[in-house]
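*Asks:* Questions regarding the structure given below will be posed in turn.
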Amino acid sequence: MRSIGVVLCSVIAYLGLSWVLFMQVPAIVDAHLDIDSKAYVKRAELFAKTSDLVGHKEQLPYYPLGYPFFIGLLFKLFGSSKPVVICAQVLFGLCSIVGIFFLTQLFFDSLAACIASVFMGLNVGYLVFAQFMLSEIILSLLLLLFFFQMMRFITDYDVYDVALAGLVLGFSVLFKPAALYYPLLLIPLVLCVGQIAWVKRFKNVGAFIFAFLLPLCSYMTYNKVAHGQFYLTAMTEVNAQLWFFPHVLACKNSSDVEVERAKLTAVFNKPEGSKKIAHMMKQEFAKKPLLFVGVWFKNVMKTWVGLFSSNLKVLMHGPGRKGLSFFKQQGFLLQRFWMYMTGGTKHTWVQVIAVSEMVWSVVRYFLCLSGLCVLLRQRRWMMLVFLLSYLFYFSMITGHDGCARFRMMFEFVLILLAAGGAYELIRPRKRKRRLV
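According to this note's numbering, the sequence shown is numbered sequentially starting from 1.
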């Protein structure tokens, strides 16, 4: 009963804070929009009018259409209303709070699960991204469900659990293709789970692969029938050429990333432009491979340590906000940290949240290490290997353009570990009897 009460309080806190945040968003044209939002909304409005996400004789976009379909369905049912989408995403946030409770129970116990639900209910990322017309909240929920099913499979070796995990992971690719290559890392782990016959091991792998590919092949078949293209996504190519490569050129030429991106976009939009950029990348990589590696890891670091408060500033002031990156600040190290936290907004309450988030981030990573040590002591090796493989993959793929937004793909894992670390600090311990 106490656990239910804590989860309920977390849900109420999340609802209340979401309402307060929604009321603070200014009534501007670009309210609740970020960089990708306009393209999503455009597709959704087209779907609401024509029941199609792609215009006549228009090429399929480079990104999957799962999220535009979701908000387009809401637009079709309730009209082109942003608040309806925000409400739906807040509900997804509530589902995530309940989900993290049950997921944390698989690793620790009810006390740690209660702590995790509180951490998620107050998490700046889950509060802020529920307010944006972006896929982050629904993607995070799908990945949490996948993670939960994989934990159940590792515990019980049930083929239905691994099949459901594969299906959910496949559906997540239709919203953002982040997990597209994760099965390559995951299949060996699925093969090694449990002291079972090899026939059953291969059956588990087959069930996972089939379930993972089912939504992807269905989506591609629909594109072939409706638009003449057996097509999934070109985001890997776009991310490498128009997001990652500009960072490399900016470092090499000591120039601005946006200037380099504008030049490459002009080339990309020409016939055979993508092939030309790919050739340029090969040439530059052959000359300076360490520069590519360094830029990639720098972006991954930005994903790990970036503040969700930067996105809060965008929410409060619109998507054209400049100078929010730590690396664009001037001065000594401490001055740059201070400007990163307090710059980009005139709202004192936003600055307070940013400073608080920075302090909490430092504390939380220590708690995460403590939680990791608890799992090491428990010797739950397969669960630990899966958890670390998940963190490794979903952080490393953000190297094309690191930011806190991409951390939403594994934020729930950090919440889980931090809750385990906090649990270790406060859990009741049995006193040893003194020998007389």
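Heads up, the beta-carbon is just placed ideally off N, CA and C, and yes, glycines get one too.
I need the boundaries of the alpha helix (DSSP H) containing H227, first residue and last residue.
*Replies:* W198 to H227
*Asks:* For G105 and I426, what's the separation of their Cα atoms in angstroms?
*Replies:* For the sequence presented, residue 105 should be read as Gln rather than Gly. One C-alpha to the other measures close to 16 Å.
*Asks:* Confirm, please, whether the CB-CB distance from H32 to M133 is below 8 Å.
*Replies:* yes
*Asks:* Can you grab the Cα-Cα spacing for the pair S96 / L416, in whole Å?
*Replies:* 12 Å
*Asks:* Are the beta-carbon atoms belonging to A418 and L367 less than 8 Å from one another?
*Replies:* yes
*Asks:* What three-state label does DSSP hand K57 in the structure shown?
*Replies:* In this structure, DSSP gives K57 a state outside helix and strand, which the three-state scheme calls coil.
*Asks:* Counting Cβ pairs closer than 8 Å, one from the stretch 75-85 and one from the stretch 190-202, do we hit at least three?
*Replies:* No: fewer than three Cβ pairs fall under 8 Å.
*Asks:* Grab me the residues of V436's own chain with a C-beta within less than 6 Å of its C-beta, minus the 5 sequence neighbours each way, in chain order.
*Replies:* Here V436 scores only 41 on pLDDT, less than 50, and its place in the model should not be relied on; the value that follows carries that caveat. Taken in chain order, the list of residues that qualify is empty.
*Asks:* Give the C-beta separation of G331 and R407 to the nearest angstrom, bearing in mind that I take them to be a contact with Cβ-Cβ under 8 Å.
*Replies:* With a Cβ gap of about 26 Å, G331 and R407 do not count as contacting.
*Asks:* In chain order, which alpha helix (DSSP H) runs of at least 4 residues are fully inside the stretch 351-418?
*Replies:* For the stretch 351-418, whole alpha helix (DSSP H) runs of length 4 or above, ordered along the chain, are 381-396.
*Asks:* Quick one: residues in its chain with C-beta nearer than 6 Å to the C-beta of W19, no 5 flanking neighbours on either side, listed in chain order?
*Replies:* none
*Asks:* Return yes when the Cβ of V168 is within less than 8 Å of the Cβ of L437, no when it is not.
*Replies:* Residue coverage of the chain in this structure runs from 1 to 436, which leaves residue 437 outside it and unanswerable.
*Asks:* Would V508 and S395 qualify as a contact pair, given that the criterion is a beta-carbon distance under 8 Å?
*Replies:* One cannot answer for residue 508 here, as it falls past the ends of the chain, which runs 1 to 436.
*Asks:* Counting along the chain, where does the alpha helix (DSSP H) carrying T104 start and finish?
*Replies:* Where T104 is concerned, the enclosing alpha helix (DSSP H) stretches over K82 to F107.
*Asks:* Within 10 angstroms of the Cβ of G420, are there 16 or more other Cβ atoms? Answer buried if so, exposed if not.
*Replies:* buried
*Asks:* Quick one: grab the DSSP three-state call for S140.
*Replies:* Correct three-state label for S140: helix.
*Asks:* If you follow the alpha helix (DSSP H) that W304 is in, where does it begin and where does it stop?
*Replies:* P289 to V305
*Asks:* With DSSP run on the structure shown, which of helix, strand or coil describes L435?
*Replies:* Because the pLDDT at L435 is just 45, under 50, the model does not fix this residue reliably, and the point stays unresolved.
*Asks:* Which value, in whole angstroms, describes the spacing of the CA atoms of A13 and K203?
*Replies:* 44 Å
*Asks:* Taking K346 as the reference, which of S325, H317 and M358 has the closest Cα?
*Replies:* H317
*Asks:* State the start and end residues of the unbroken alpha helix (DSSP H) segment that holds N269.
*Replies:* Taken as a continuous stretch (DSSP letters only), N269 belongs to no alpha helix (DSSP H), as it is neither H nor E.
*Asks:* Rounded to the nearest angstrom, what separates V466 and F230 at their Cα positions?
*Replies:* This structure does not reach residue 466, given that the chain is present from 1 up to 436, and the question cannot be answered.
*Asks:* For L17, which of helix, strand or coil comes out of DSSP?
*Replies:* helix
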